[in-house]
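A.B. asks: There's a structure below that I have some questions on.
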Amino acid sequence: MSILRRLSNPQIKASKSDNKLIHYFLANGLKACSSSISEISADCDISHATVTRFARKFGFETLKDFKIALAQDLGAQDNDNHGKRTAINLKESCETTAQKLLQLNQTLLSQTAVEIGFESVTKLTREIVGARHVFFFGIGSSGYLARDAARKIARIGIDARCYTDSHEIMTHSTMITNQDVAIYISNSGQTHELVKSAALCSKKGAMICAITAETTSPLYSFTDITVLHAVHDYDLAQGYADSRLSVFFIIDLIYIELIKLIGEKAIKQKQETQDAIDSLSNND
């Protein structure tokens, strides 16, 4: 039975606090899924321990597991309704299509905020700061995302490099060391070149991270850190949204967390980088 049905028709012996939480999650949906335990506790005027016990009453070891299950249910519910709410009509106005895309992307980002694993982001930023080199690897559309990540992070003084060609990926995978971090961007985690590279980099002792939507993929088996994101893929007849927005969101989050961790040095380096780039258009 779905978690939404179990909340709507609870089979547990619900206390007054449990009823508050049931109402909270049913009323707030994906917003509740992205709320921290402190925010939930404050909104419901109950203790952290009570929130944790509530999740366990529904069979989940942690509140995070409960929220992920609820977000997945809410996402499935959205998908069931997309045919009615977001199917793109070839004769509709640009404004109508824009509203449907906005709705799809808001759902995508909300689900990503639930699934991402903020402790993984924190751990990754620390590894990046302590690394000799940071290698971003991606193929196809993921390669564009990897390039954006490396470019952005390099501007705050981190030696970040990006490779998107299969031969270059394998070549530089042989050069990696245990002082480096390898970050793979792959929705499915099944791209052959990336899996081969991760296996090689893992043997070299590098820290392996994947920004992915899958935790049962060949790539996942080699990772030390996994940052998860949600995926929605629709064709024109059903509406359209893909995972790029959620990956850009993760890249921006990592970038900002790095600035927070490095502090004034990162801000100064960012300004120096921008000044150097701006000087290219200076004719003096």
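Residue numbers for the sequence shown follow my numbering, beginning at 679 and rising by one. Just so it is clear, CB atoms sit at the ideal spot from N, CA and C, and this is done for glycine as well.
Go through its chain and collect everything with a Cβ distance to A727's Cβ below 6 angstroms, but skip five positions before and after it.
C.D. replies: Within the sequence shown, numbered from 1, the residue matching residue 727 stands at position 49. Excluding positions up to five away in sequence, the list is empty.
A.B. asks: Suppose you measure from the CA of S712 to the CA of D751; what does that come to, to the nearest Å?
C.D. replies: Here residue 712 corresponds to residue number 34 of the sequence shown, with the count starting at 1. Here residue 751 corresponds to residue number 73 of the sequence shown, with the count starting at 1. Their backbone Cα atoms lie some 14 angstroms apart in a straight line.
A.B. asks: Using 8 angstroms as the threshold, is the C-beta distance between F736 and I806 below it?
C.D. replies: Taking the sequence shown and counting its residues from 1, one reaches residue 736 at position 58. Taking the sequence shown and counting its residues from 1, one reaches residue 806 at position 128. No, these two residues do not count as a Cβ contact at 8 angstroms.
A.B. asks: To the nearest angstrom, report how far apart K965 and V792 are at their CA atoms.
C.D. replies: The displayed coordinates of the chain run from 679 to 962. Any statement about residue 965 would go beyond what the structure contains.
A.B. asks: Let's see if you can read the secondary structure: which residues bound the beta strand (DSSP E) around Y841?
C.D. replies: As a working mapping, residue 841 is identified with position 163 in the sequence shown. 838-841 is the extent of the beta strand (DSSP E) around Y841.
A.B. asks: Out of S957, H907, L931, L897, point me to the one whose CA is closest to S788's CA.
C.D. replies: As a working mapping, residue 788 is identified with position 110 in the sequence shown. Per the Cα distances, H907.
A.B. asks: Going by CA-CA distance only, name the one from S880, K691, S719 that's closest to I903.
C.D. replies: The count along the sequence shown starts at 1 and reaches residue 903 at position 225. That would be S880, whose Cα lies nearest to the Cα of I903.
A.B. asks: Could you pull out every residue in the same chain whose Cβ sits closer than 7 angstroms to the Cβ of S725, ignoring the five residues on either side in sequence?
C.D. replies: The sequence position of residue 725 within the sequence shown is 47, counting from 1. Once the five neighbours on either side are set aside, the close Cβ partners of S725 are S719.
A.B. asks: Helix or strand or just coil, what does DSSP make of M885?
C.D. replies: Counting from 1 along the sequence shown, the entry for residue 885 is found at position 207. Note: M885 maps to strand in three-state DSSP.
A.B. asks: Within 10 Å of its beta-carbon, does T774 have 16 or more other beta-carbons around it, so buried, or fewer, so exposed?
C.D. replies: Within the sequence shown, residue 774 is the residue found at index 96, counting from 1. T774 counts as exposed, since fewer than 16 other beta carbons sit within 10 angstroms of its beta carbon.
A.B. asks: With the cut-off set at 8 angstroms, would you say A876 and F900 are in Cβ contact?
C.D. replies: Taking the first residue of the sequence shown as 1, we reach residue 876 at position 198. Taking the first residue of the sequence shown as 1, we reach residue 900 at position 222. Contact flag set, yes.
A.B. asks: D758 by DSSP, collapsed to three states: which one?
C.D. replies: What you label residue 758 is simply residue 80 of the sequence shown in a count that begins at 1. Residue confidence for D758 is low, a pLDDT of 49 falling below 50, so the modelled location carries little weight and cannot support an answer.
A.B. asks: Provide the residue span of the alpha helix (DSSP H) that contains F796, from first to last.
C.D. replies: If you number the sequence shown from 1, residue 796 lands on position 118. Its alpha helix (DSSP H) spans residues 796-808.
A.B. asks: Would you tell me roughly how many angstroms separate the C-alpha atoms of Q947 and E797, rounded to the nearest one?
C.D. replies: Position 269 of the sequence shown holds residue 947. Position 119 of the sequence shown holds residue 797. Answer to the nearest angstrom: the Cα atoms are 26 angstroms apart.
A.B. asks: Can you tell me the Cβ-Cβ gap for A838 and F814, rounded? I've got them flagged as a contact below 8 angstroms.
C.D. replies: Position 160 of the sequence shown, counted from the first residue, corresponds to residue 838. Position 136 of the sequence shown, counted from the first residue, corresponds to residue 814. Between F814 and A838 the Cβ distance is about 7 angstroms, and since that is below 8 angstroms, they are a contact.
A.B. asks: What do you get for K694, buried or exposed, if any count of 16 or more other CB atoms within 10 angstroms of its CB means buried?
C.D. replies: The residue given as residue 694 occupies position 16 in the sequence shown. The residue is exposed, with fewer than 16 neighbouring Cβ atoms inside 10 Å.
A.B. asks: Quick test of the definition: if touching needs 3 or more C-beta pairs under 8 angstroms, does the stretch 841-852 touch the stretch 886-900?
C.D. replies: Contact between the stretch 841-852 and the stretch 886-900 is absent, with fewer than three C-beta pairs closer than 8 angstroms.
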